[in-house]
Each structure stands twice: as structure tokens, then as C-alpha cells.
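Below: one structure, written as C-alpha cells.
2 protein chains.
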Amino acid sequence: MAKHIDLFWSCGMKVLITGGAGFLGLTLARKLCEKSYLSLGQDPQQVIDCIVLNDTVIPQTRPEGIDERVSFVAGDIAERETVGKLVDRDDIVIFHLASIVSAGGEADFDLAIRVNLTGTLNILEAARARAGAPRVVFASSTAVFGGQAMPDMVSDLTKQTSQTTYGMTKTIGELLINDYSRKGFIDGRSARLPHIIVRPGRPNAAASSFCSGVFREPLKGEDFAVPVPPQTLLPLLGYRNCVQSFIHLAELPADVLGDDRAVFLRNQGHTVHQMIETLKGVAKRNGLVLGKISMSHDPVIAKIIQGWPSQIDSARAERMGFPADTDLDRVVQDFIDDFMPS
Amino acid sequence: MAKHIDLFWSCGMKVLITGGAGFLGLTLARKLCEKSYLSLGQDPQQVIDCIVLNDTVIPQTRPEGIDERVSFVAGDIAERETVGKLVDRDDIVIFHLASIVSAGGEADFDLAIRVNLTGTLNILEAARARAGAPRVVFASSTAVFGGQAMPDMVSDLTKQTSQTTYGMTKTIGELLINDYSRKGFIDGRSARLPHIIVRPGRPNAAASSFCSGVFREPLKGEDFAVPVPPQTLLPLLGYRNCVQSFIHLAELPADVLGDDRAVFLRNQGHTVHQMIETLKGVAKRNGLVLGKISMSHDPVIAKIIQGWPSQIDSARAERMGFPADTDLDRVVQDFIDDFMPS
Chain A
1081 MAKHIDLFWS CGMKVLITGG AGFLGLTLAR KLCEKSYLSL GQDPQQVIDC
1131 IVLNDTVIPQ TRPEGIDERV SFVAGDIAER ETVGKLVDRD DIVIFHLASI
1181 VSAGGEADFD LAIRVNLTGT LNILEAARAR AGAPRVVFAS STAVFGGQAM
1231 PDMVSDLTKQ TSQTTYGMTK TIGELLINDY SRKGFIDGRS ARLPHIIVRP
1281 GRPNAAASSF CSGVFREPLK GEDFAVPVPP QTLLPLLGYR NCVQSFIHLA
1331 ELPADVLGDD RAVFLRNQGH TVHQMIETLK GVAKRNGLVL GKISMSHDPV
1381 IAKIIQGWPS QIDSARAERM GFPADTDLDR VVQDFIDDFM PS
Chain B
1081 MAKHIDLFWS CGMKVLITGG AGFLGLTLAR KLCEKSYLSL GQDPQQVIDC
1131 IVLNDTVIPQ TRPEGIDERV SFVAGDIAER ETVGKLVDRD DIVIFHLASI
1181 VSAGGEADFD LAIRVNLTGT LNILEAARAR AGAPRVVFAS STAVFGGQAM
1231 PDMVSDLTKQ TSQTTYGMTK TIGELLINDY SRKGFIDGRS ARLPHIIVRP
1281 GRPNAAASSF CSGVFREPLK GEDFAVPVPP QTLLPLLGYR NCVQSFIHLA
1331 ELPADVLGDD RAVFLRNQGH TVHQMIETLK GVAKRNGLVL GKISMSHDPV
1381 IAKIIQGWPS QIDSARAERM GFPADTDLDR VVQDFIDDFM PS
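Residue numbers (my numbering), protein chains in the order written: chain A, 1081 to 1422; chain B, 1081 to 1422.
So, in C-alpha cells, the structure goes:
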């Protein structure tokens, strides 16, 4: 029995998720609780014995699906000492999701630099200080692109010319992940997220918040005003496959990634009009009465959104075996199944 | 007379050059002493009343061509307080050339982050704290490129995938220059330098140091071992046109640059073999006996150099009116005229 425990611990690992109290952090933690291991190559599987969810504000009560292996630790990643305490084991995998988002960064430049640049450097330095070059999965974004020279279709080979401080700091994060990995300090990977839908809860400070709101609020029976034109084309990914993609990226052998460790996650392009039509069909099938959807142009949001790419070539992610949504109807149904009491 | 003085001071300006004791910093300072003004748009010309050359080590005696308007200030740009004292006027133009270079950054990662990232942030923050969004010209590099996906010919539209910490931090500098400018904090511009030749003095820690050494040492009658194969193609620019390009970039109206303020300077591609043949012709014409040139492969240098682009499309710089070398012979003759006692 003692031997069994020894073996268990010798192949155990800690998972740290920054931004862990956010929707994607919690969804990832739930999935890892369910899965209980990560396949990192050395052994068939490494058992997760501990998951730490770090965030600036943490929940007062344990959320559903989050078991006793999970602990919440409040703390600011811009404080180096805080991060050192979070990254306290060599056998650790870090999912670095914490970030000031797009509209938030436009409103407070210094906060975006503090969290997204200093915070990311602190995470990387703490990981570097551990033995064995820990895996670090960094959440990057479509917002790394923008500007006058941006092509209609972007890919993993397109130059990053962000027009938001958020996107600029995400690009810096990708560069740091690549260089820390090249130096052998960490084994880093960056996942570029398209717009992730359908996020539950309240709207956030992301300019793309409406991509979820246009489904969520009407499904709750609330009216919703869409801030961009109906023909706006948006690259979308459901949260289930987003979280599966984080895990897939953590588990991928490093040589598959090559020297550029930033990968655009798979996505489907839909116009706002198509999103609304799909929503109507799903609502009808589920016997739900939708709130009223109106068009109410918001020049600040529209400018940020129009500055981002509408079409993303994610063929590289496809070759690497990342999961993809089959259709938008299914993604909306997932939200109803997961978050709406029947 | 008093009125004349008032007018003089009201349109006067300070120029700060970081890395000012380096070859390009001193050459730029000499050119600005000779020129005495910068044309920044508001007035026909702004008189330079003060040039500060900052560096970690400063010369003991005043170098030739550096007049009494110029002062040397020793100090580390990674110290925020030091930078605040250097950027002490609103009417300032900053040429930010200080950097840990390629092989230096590979040898000491932390020093490269400290000087190239923290130092650059300090410069940008100090400029932001002044009124009127000062112009900041940042020296970037060919080294921003590299890696498996790099195309044979790079341009201002190519994705930066540096394989050195130096190039990675230069890319971050370009991104910060763009975002600080977009926010209206500064009016920044980045000049991407090809290999600048012929640098006088001793070799430095740049992997490209041999691009100057292959001319300089044989011209001094000293033997020189070339660390890369003779067919290696190198994008080159003479130092005279490099310094003229810094000034041209400082003077360009911002709207000419658009939202991506990083410009590859013009360059000519030459192989090491062509460089040596040109050198032989110039030496013969000048009656100089060359030291012996041999081939001595250095795997560390060769790997860095082969990872950088050999061909650079600088058509954008050409459209913007940047100066170009006419031929390599002229560039070598400039070095003889400027630095070799006849």
C-alpha cells in the first residue's frame, strides 16, 4: 500500500490556472477534475493531485463540478512573490489565462501593462525557477491582429499588428513564450483564441462580449442590443472545444509545435445575422421564448471589432489534431444543456 | 536682442541619444552637430540647443566632431530614475539606440531583458510623462526575423519570429513603440537596421560583427578569419546612410508611417565573397596592403547568421524617401576616408 502511494505521488502533478475564477478557468478546472490526469509524454499519464485556481477575486463557495483537489488562491500575478508561492513545485503545468481584456485595456493602459506584461513575466520567471522546464499554456487572442496592413484572412504566419493594448501585450506574451521555450527555461505554448461562445453570467469588458450576449440574454428572456452591424463576420469557437484545445495543447509533444509555439485554435466564421437565425431555431426546438434582439450601433465596440480579423485560417491547428465545432446549433445547445435549468 | 534669444529658445530642442557612446550614437551626434536642427513639421526647423549622449561607459575625452552642445551622461536605462533625469524637457527628440546585442543577449538572457525590455519601457514612460508626445526613434534589427517559417525574402509585412533574445526584445520594442504612439503617449518610430558597415574600432558582441571586421581588420593590415561560408548573402547598409536614415525617420510626418511605425532601412545584398572582392579593389586603388583573410567556420556565429534573413524587401522605405547606398565600393571608401589616417 505504501508503495502504491509512493508511485501515485511520484507521478502526480499540480495544475495552476491563472484567471482561474473566470469562466474558461473554471470550465478547464471542471474538465481536469473529470479527466484526473494529463499525458505529458514521459509516462502514459500523470495524475493531477492538486489544482490551484488563482484570481484577484475568488468565489465564496465551491462552484459545482469543482472537487476537493481544487483550491482557490486570491492574489495579483503582478506581484512576483505571490506568483512564486503559486509555482511551488517542479511537477507543475500552468495554464496562464489571467488577463486584462480588450476594452478594459483601452480604458486603463497601465493596468493592462501591469497584469498582461509584468504578470506574464512573473509567471514565466517562476516557471523558469523550477526544475525540468514546466509546461506553460498561455491564452492569446485574435486581438493580436489588426491595422492597415492586416490581410482579409489571417493565419499563424500573419504579422501581428494589434491596434489594442490587450492585443499588443498578448503578442508580447507569445514572443516571451517562444523565447523562454527556445532557451529551455520552460516548455511553453500559446493558444490564440477566436471569440469563445456562449459565456454564461454577466457581460465582461471584452469588446467581443456581445458574441456571447447575443445568445445568452435573449435565452434568459432579456432584450439585447447588438453593437455591430448584422453582416459582421466573426470567428467563433464553443467553450467546450476551447477547453479541450487547452488540454490538447498542453499534451502535444513539443516537436509538433516547432519553433513558433503560438497556434490559432480552430473556429467557424458566422455573421451576426446567422448567429441570430441559429439562435431562433434552437430556441424554438427547446420551447424557449427569446428576449427581443435589436441593432444599436456602438462606435467604440464596432471600431475594435472591425479592426480584428473576420477570417482565420486554422489549418495548422487542424493538422495538429485540435478539436473543432461541428455546427453553431450544437454550440448554442451546449450552453442550454450546461447552464439553463430545464 | 532679447527677443531674438527668446525666439531661439522657444524653438530649441534637446536631443537624447541612448547608447550614445557607441559608434552609431556618436556618428549620429556628429551629424546633428553639423546639421544643427531637425525639421519636425510645426516650424520650418527646430534648432538643437543640447545633445545628451547617454551610455553605461562614457569617453574620458571629447571625441572629434562632438562640439560643446553635446554632453555625455553615464547611466543605466534600466533605472527608471536615471531615465527620468535624461528626459527632462518637453521639447525633446529621443534616439533610443542602447541595447544588449545578439551574441551578448544569448550569453546573458537576464541582462538582455533588463536593458532591452525594462530599459525601453523606462524610455517610453519617461517620454509619455512629457507634454506633447515627443518623437522617439527606436533602433530595431534584422534579428527580429528567424525560425522555421521565415520566408526567403522578408519585408515590413513579415511575421517576426526571432530566434535570439535580442531579436525578441527588439520585436517587443517595435510593438511598444506602435502602441504608445497609437495611444498618443509618444510619436514613435522604429528603424530596422540591416548589418551596418564598416564600424571602426574593436569587434563587438554582435554575431554580425564580422560584417565590419572583414573590411576593417585587413585594411589595418591585420589578418581576419571569416566565421561564415563565403557564399553567405548579407543585407548591408553603410553607416553614413544609416545615420541619415535615423534623421529622415525622425523628421517624417507621422501619417506617412501609418499605424505600423517599424520600417526596414534600405540595404544591398552582398555575399561574403563579393565583400572580399570589393575590398581588394578598393585597397588596390588606395595603395593599401591588406591583412590575410581566411575562412574559419564558427558554428555559434554561423547558426545565428543563417537564422537571419539574407534578403530584405525595403520597397516601403524607398517609397518613404529613405537614402540608399549606391554601391559597396563607395561604402568601403567612406570608411577609409573617415577613419584611416592617410
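Heads up, the beta-carbon is just placed ideally off N, CA and C, and yes, glycines get one too. If you're wondering where the values come from, they're calculated on a predicted model, not measured in any experiment.
Which chain B residues are close to LEU1255(A), counting only those with a beta carbon under 7 angstroms from its beta carbon? Numbered from its first residue, the first sequence carries residue 1255(A) at position 175. Correct list: MET1248, THR1251 and ILE1252.
Can you give me the Cβ contacts of ARG1296(B) inside the same chain, cut-off strictly under 6 angstroms, excluding the 5 residues immediately before and after it? The sequence position of residue 1296(B) within the second sequence is 216, counting from 1. These residues qualify, in order along the chain: VAL1278.
Between PHE1402(B) and chain A, is any beta-carbon pair separated by less than 8 angstroms? Taking the first residue of the second sequence as 1, we reach residue 1402(B) at position 322. No - not a single Cβ of chain A is within 8 angstroms of the one on PHE1402(B).
CB-CB under 8 angstroms to THR1313(A), same chain, minus the five flanking residues each way: which ones, in chain order? In the first sequence, counting from the first residue as 1, residue 1313(A) sits at position 233. The sequence as given places Leu at residue 1313(A); Thr does not occur at that position. Same-chain partners within the cutoff: GLY1349, HIS1350, THR1351, SER1390 and GLN1391.
Buried or exposed for ARG1282(A), please, with buried defined as at least 16 other CB atoms from any protein chain shown within 10 angstroms of its CB. One-based indexing of the first sequence puts residue 1282(A) at position 202. So ARG1282(A) ends up on the exposed side.
Run through the region 1263–1308 of chain A for me and flag every whole alpha helix (DSSP H) of 4 or more residues, listed as ranges in chain order. 1290–1299
Counting C-beta neighbours from all protein chains within 10 Å, is the total for ARG1272(A) 16 or more, i.e. buried, or is it exposed? As a working note, residue 1272(A) is residue 192 in the first sequence. Burial call: buried.
Residues that LYS1239(B) contacts on chain A, provided the C-beta gap is smaller than 8 angstroms: Mapped onto the second sequence, residue 1239(B) falls at position 159. The answer, in chain order, is LEU1237, THR1238, LYS1239 and GLN1240.
For chain A, is any of its Cβ atoms less than 8 angstroms away from the one on ARG1410(B)? The count along the second sequence starts at 1 and reaches residue 1410(B) at position 330. So no, ARG1410(B) is outside the interface.
Give me the Cα-Cα distance between LEU1112(B) and VAL1173(B), rounded to the nearest whole angstrom. The sequence position of residue 1112(B) within the second sequence is 32, counting from 1. The sequence position of residue 1173(B) within the second sequence is 93, counting from 1. Cα to Cα, the separation comes out at about 12 angstroms.
Restricting to Cα atoms, I'd like to know which of LEU1118(B), ASP1405(B) and ARG1399(B) is closest to VAL1321(B). For the purposes of this step, residue 1321(B) is identified with residue 241 of the second sequence, where counting begins at 1. In the sequence on display, residue 1321(B) carries Asn and not Val. The residue with the shortest Cα to Cα distance from ASN1321(B) is ASP1405(B).
Is there a Cβ from chain B that is less than 8 angstroms from the Cβ of GLY1268(A)? Taking the first sequence and counting its residues from 1, one reaches residue 1268(A) at position 188. No, no contact with chain B.
Min CB distance GLN1243(A) to chain B below 8 angstroms: Numbered from its first residue, the first sequence carries residue 1243(A) at position 163. Output row for GLN1243(A): interface = yes.
DSSP three-state label for PHE1175(A), please. For this step, residue 1175(A) is matched to residue 95 along the first sequence. Here PHE1175(A) sits in strand by DSSP.
Please compile the residues from chain A whose C-beta is within a distance smaller than 7 angstroms of the C-beta of PHE1189(B). On the second sequence, position 109 is the one that residue 1189(B) refers to. Within chain A, the residues near PHE1189(B) are LYS1263.
Use the C-beta contact count for GLU1148(A): other C-beta atoms within 10 angstroms, 16 or more gives buried, fewer gives exposed. Taking the first sequence and counting its residues from 1, one reaches residue 1148(A) at position 68. Classification for GLU1148(A): exposed.
Consult DSSP for MET1248(A) and reduce its assignment to one of helix, strand or coil. On the first sequence, residue 1248(A) is found 168 positions in, with the first residue counted as 1. MET1248(A): helix per DSSP, three-state reduction.
Ordered along the chain, which non-local residues of its own chain (more than five positions away) have a Cβ less than 7 angstroms from that of LEU1087(B)? The sequence position of residue 1087(B) within the second sequence is 7, counting from 1. Interpretation of LEU1087(B) is limited by its pLDDT of 42, a score under 50 that renders its predicted location unreliable; no figure is taken from the coordinates.
Would you say VAL1126(A) lies against chain B (beta-carbon separation less than 8 angstroms)? Your numbering for residue 1126(A) matches position 46 in the first sequence. It should be noted that the sequence gives Gln, not Val, for residue 1126(A). Not an interface residue.
Rounded to whole angstroms, what's the CA-CA distance from HIS1176(A) to ARG1269(A)? Just pull it up for me. Residue mapping note: residue 1176(A) aligns to position 96 of the first sequence, counting from 1. Residue mapping note: residue 1269(A) aligns to position 189 of the first sequence, counting from 1. The alpha-carbon atoms of HIS1176(A) and ARG1269(A) are separated by roughly 10 angstroms.
Name the chain B residues whose beta carbon is nearer than 7 angstroms to that of ASP1259(A)? Here residue 1259(A) corresponds to residue number 179 of the first sequence, with the count starting at 1. Those are THR1245 and MET1248, listed as they occur along chain B.
Given a limit of 8 angstroms on CB to CB distance, which residues of the region 1337–1350 of chain A reach chain B? GLY1338, ASP1339 and ASP1340
Close beta carbons around HIS1328(A), own chain, < 6 angstroms, minus the five adjacent residues each side: Position 248 of the first sequence, counting from 1, holds the residue named residue 1328(A). If we look at HIS1328(A) and ignore the five residues flanking it on each side, its Cβ neighbours are PHE1402.
Indicate the three-state DSSP secondary structure (helix, strand or coil) for GLY1318(B) in the structure shown. Against the second sequence, residue 1318(B) aligns to sequence position 238. It is a strand residue.
Let me see if you follow: with CB-CB separation under 8 angstroms, is GLY1227(B) close to chain A or not? If you number the second sequence from 1, residue 1227(B) lands on position 147. For GLY1227(B), the answer is yes, since a Cβ of chain A falls inside 8 angstroms of its Cβ.
Am I right that GLY1361(A) and ASP1409(A) are in contact with their C-beta atoms under 8 angstroms? What's the rounded C-beta distance? Here residue 1361(A) corresponds to residue number 281 of the first sequence, with the count starting at 1. Here residue 1409(A) corresponds to residue number 329 of the first sequence, with the count starting at 1. The pair is a contact, with the Cβ atoms about 7 angstroms apart (cut-off 8 angstroms).
Does the beta carbon of ASN1321(A) sit closer than 8 angstroms to a beta carbon anywhere in chain C? As a matter of chain content, chain C is missing from the structure shown, whose protein chains are A and B.
Look at LEU1191(A) and LEU1096(A) and say whether their C-beta atoms are less than 8 angstroms apart. The residue given as residue 1191(A) occupies position 111 in the first sequence. The residue given as residue 1096(A) occupies position 16 in the first sequence. No, the pair does not count as a contact, with Cβ atoms beyond the cut-off.
Helix, strand or coil: how does DSSP classify ARG1215(B) here? Within the second sequence, numbered from 1, the residue matching residue 1215(B) stands at position 135. Looking at ARG1215(B) - three-state DSSP - the assignment turns out to be strand.
Under the DSSP definition of a beta bridge, which residues are partnered with VAL1150(B)? Position 70 of the second sequence, counting from 1, holds the residue named residue 1150(B). Note: VAL1150(B) sits in a beta bridge opposite ILE1131(B).
According to DSSP, simplified to helix, strand and coil, what is ILE1193(A)? Along the first sequence, one-based indexing puts residue 1193(A) at 113. DSSP places ILE1193(A) in helix when its eight states are reduced to three.
Within this structure, are the beta carbons of GLY1199(A) and ALA1183(A) separated by less than 8 angstroms? Residue numbering aside, residue 1199(A) sits at position 119 when the first sequence is read from its first letter. Residue numbering aside, residue 1183(A) sits at position 103 when the first sequence is read from its first letter. Not closer than 8 angstroms, so no.
Given a threshold of 16 other Cβ atoms within 10 Å of its Cβ, counted over all protein chains shown, does ALA1209(B) qualify as buried or as exposed? As a first step, residue 1209(B) is located in the second sequence; it is residue number 129 there, counting from the start. Exposed: under 16 other Cβ atoms inside 10 Å.
Buried or exposed: where does GLU1161(A) fall if 16 or more other Cβ atoms within 10 Å of its Cβ makes it buried? Locating residue 1161(A) in the first sequence gives position 81, counting from the first residue. The residue in question, GLU1161(A), is exposed, as its Cβ has fewer than 16 Cβ neighbours within 10 Å.
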